[in-house]
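Numbering (the working numbering), first residue to last: -1 to 722.
Right under this line is the structure:
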């Protein structure tokens, strides 16, 4: 029915604020749990360091990176030759700066003078900009007498390509240049095989007492309570201008009029805040607008699939990210056939890297197009963006890219003409698996055999179905009735063939994929769940899939496993064969909501919420292990998971919004809510300033017993309808 309470005033938020204030101290304590590293990012540059602000040689991923190259491998602080003791650290909201509080270890200054721990305080303040890192050390002594102490900063740079950092061994490397010393610091450099010179310059104020090729020393004379400040600027430079131009997004984000989402649960609010802050951190300003880089440390670059899904997860709150993502991917849409990069006309890229190895074509990511799902996801996001914004000028500007994407789907994407999208890499240097589960062993059969290509993944057929429907919607908006009809017919054909070839009656779910010779991959997996949000299944089959995925072999208690515990290749420690990925769980839950499974979707949201409580800063990582949930304990970490990760950050936001059932129609200035449902552990929720087109809407959701009521703010600017 249509809710007639459209002009009720929003309840006061005073109670919510009081609860939040009382919980702040406990939240801050939780933020420090298990924190072993600090991450800063600005544009293409990022810094990963330990909680003392140092770069540990035992942690290969640590360093200061720019354009896929590590410009700083060592930046370690010492007092009298001893490392510091970490007290605490705080990171700025945009994650581009941090304060680290340090103190001294016990120091034997002379044979009869011992300086106890906790006498000297150092505030190590770091600010990261696009091309430099600024470190400021404020040193204060609380000793009763003056102290002469030596402060040292050990430095080094290896200029490793990110793929070397990840373990690739190269046959040849460039030349490490001799250090150039000057009174205020030094310069380290590297001449690459790509004819690009890269160098790192250290400039200190005041000038060090001594400068060596790997260390700067300051002789301090500390008086009680009198701070001494030292600043070190670390500039990153390279001789080539052939890099993707990017800039800092932080200032622009602060100027954005952003909608707010607040609940009566302060810990869940903290998770939502962390999610949006990570989106802002990872969203890099390109010449085409914002693009959410995939994750740190391994994937601080544009990924097609990851960017599209992250933009979709945050779309109702941050449509500008979707716009920038679409424009960027359209600009780099495939134009030719290249077997090394798997590029094809109309295809959307998979991964775009910079650095020495990319320039030398030692890796294919220049960009690389080996993905079967980014192209349909491009069309799906474009439709969703238009429904939220009605940005007709943007649609007109990119119409040729929409046509090219649909043409790729019906030609290169479907080489055998069976209506399904398949993939097979062009060369051995490419990815063997080209869905989101792209590990070499992620596609298998019930007997444990690795599936052979060409492969048609179940969820990608759902994407293709939704993509043709999306293209039809976009065609209709532009008045292209013929294309509207043709693309909708293609969607209908896919849907009909899909049920015939992918439905697995024995398990009441979908086959993971069709492998070589159309052999079904007969294992229960999360792929089936991702089909749901595309709408490809009839209601009765969708309900069966929901029930199947919520069984213990698939639902770990922390989310949906990528592969059933009953499968031959199940391994909860693996990348894709039994682990839990928050974004995967969120997309599955979004599909649950679409088919009326809001109770189950709420369970999935609670599982992610509970998991976040066991990670530093309430930050959901890329993935974690798929072990069964143990009461009173958290999920088991995956050792090299990216954190932050864009689509993991978007997971709780997407799941929450799916429960609210938001269906926009910006062209008609209308928002319809389908079965809005708060999970049982949330009492109320407010959304203020949500844009639908150019109009704003303010909503308040309240749960009473098993029903969710919705009231609309007085200053509402559009038609809001609620369907229960």
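All C-beta atoms in this analysis are idealised placements derived from N, C-alpha and C, irrespective of residue type, glycine included. What you are looking at is a predicted structure, and each value in this text was computed from that prediction instead of being measured.
Using the rule of at least 16 other Cβ atoms within 10 Å of the residue's Cβ for burial, across every protein chain shown, is residue i buried or exposed?
i: residue 692; result: exposed
i: residue 711; result: buried
i: residue 689; result: buried
i: residue 27; result: In this prediction, residue 27 has a pLDDT of 38, which is less than 50 and means its spatial position is unreliable; what the coordinates show is noted afterwards. Answer is exposed; the Cβ neighbour count stays below 16.
i: residue 709; result: buried
i: residue 713; result: exposed
i: residue 373; result: buried
i: residue 319; result: buried
i: residue 716; result: buried
i: residue 550; result: exposed
i: residue 237; result: exposed
i: residue 705; result: exposed
i: residue 718; result: buried
i: residue 20; result: The predicted model places residue 20 with a pLDDT of 43, which falls under 50 and marks its position as unreliable; any figure quoted below should be read in that light. Classification for residue 20: exposed.
Taking residue i as part of the alpha helix (DSSP H), name the residues at either end of that continuous run.
i: residue 307; result: 302 to 312
i: residue 649; result: 649 to 658
i: residue 672; result: Premise fails: residue 672 lies in the beta strand (DSSP E), 668 to 672, not in any alpha helix (DSSP H).
i: residue 470; result: 456 to 475
i: residue 537; result: 537 to 547
i: residue 725; result: Here the chain comprises residues numbered -1 to 722, so residue 725 is not present and cannot be evaluated.
i: residue 482; result: 479 to 500
i: residue 321; result: 317 to 329
i: residue 525; result: 525 to 530
i: residue 400; result: 397 to 408
i: residue 605; result: 596 to 610
CB residue i to CB residue j, shorter than 8 Å?
i: residue 165; j: residue 189; result: no
i: residue 588; j: residue 671; result: no
i: residue 43; j: residue 126; result: yes
i: residue 556; j: residue 521; result: no
i: residue 78; j: residue 148; result: yes
i: residue 129; j: residue 234; result: yes
i: residue 399; j: residue 481; result: no
i: residue 621; j: residue 610; result: no
i: residue 82; j: residue 100; result: yes
i: residue 367; j: residue 345; result: yes
i: residue 460; j: residue 519; result: no
i: residue 375; j: residue 644; result: no
i: residue 527; j: residue 512; result: no
i: residue 291; j: residue 322; result: no
i: residue 232; j: residue 46; result: no
i: residue 406; j: residue 342; result: yes
i: residue 726; j: residue 76; result: There is simply no residue 726 to check, as the chain begins at -1 and stops at 722 in what is shown.
i: residue 337; j: residue 424; result: yes
i: residue 96; j: residue 106; result: no
i: residue 257; j: residue 315; result: yes
i: residue 543; j: residue 507; result: yes
Do we get a CB-CB distance below 8 Å when we pair residue i with the residues of chain D?
i: residue 297; result: The question asks about chain D, but that chain is absent: this structure has only one protein chain.
Tell me, please, which residues DSSP counts as bridged to residue i.
i: residue 197; result: 187 and 235
i: residue 150; result: 76 and 215
i: residue 61; result: 46
i: residue 367; result: BP columns for residue 367 are empty, so no partner.
i: residue 662; result: 669
i: residue 349; result: 301 and 366
i: residue 336; result: 341
i: residue 98; result: 87 and 122
i: residue 108; result: 111
i: residue 221; result: Answer is none; residue 221 lacks a bridge partner.
i: residue 202; result: 230
i: residue 259; result: 685
Specify, as a first and last residue, the run of the beta strand (DSSP E) that residue i falls within.
i: residue 375; result: Counting along the chain, residue 375 falls outside any beta strand (DSSP E), though it belongs to the alpha helix (DSSP H) covering 372 to 387.
i: residue 35; result: 35 to 40
i: residue 584; result: That residue, residue 584, is in no beta strand (DSSP E); its alpha helix (DSSP H) goes 580 to 592.
i: residue 687; result: 682 to 690
i: residue 717; result: 717 to 721
- Counting pairs of beta carbons, one from the stretch 464 to 472 and one from the stretch 422 to 431, are three or more of them closer than 8 Å? no
- Message: Taking contact to mean 3 or more Cβ pairs, one atom from each stretch, closer than 8 Å, check whether the stretch 447 to 457 and the stretch 474 to 493 are in contact.
- Response: no
* Would you check if the stretch 34 to 42 and the stretch 284 to 301 touch, i.e. whether three or more CB-CB distances between them fall below 8 Å? => By the criterion of at least three beta-carbon pairs nearer than 8 Å, the stretch 284 to 301 is in contact with the stretch 34 to 42.
Check: Between the stretch 262 to 271 and the stretch 300 to 319, do three or more beta carbon pairs fall short of 8 Å?
Finding: no
Measuring CB atoms only, is the stretch 173 to 187 touching the stretch 200 to 207, in the sense that at least three cross pairs come out at less than 8 Å? yes
- Is there contact between the stretch 210 to 219 and the stretch 98 to 114, where contact requires at least three CB pairs shorter than 8 Å? Output reads no: the stretch 98 to 114 does not touch the stretch 210 to 219.
With a cut-off of 8 Å, do at least 3 Cβ pairs link the stretch 613 to 631 to the stretch 677 to 689?
-> The way I'd put it, the stretch 613 to 631 doesn't touch the stretch 677 to 689; fewer than three beta-carbon pairs between them come closer than 8 Å.
Is the stretch 349 to 357 touching the stretch 412 to 425, taking contact as three or more C-beta pairs under 8 Å?
In this structure the stretch 349 to 357 does not lie against the stretch 412 to 425, because fewer than three pairs of beta carbons, one per stretch, are closer than 8 Å.
Specify whether the stretch 382 to 400 and the stretch 529 to 539 touch according to this definition: at least 3 beta carbon pairs, one from each stretch, less than 8 Å apart.
no
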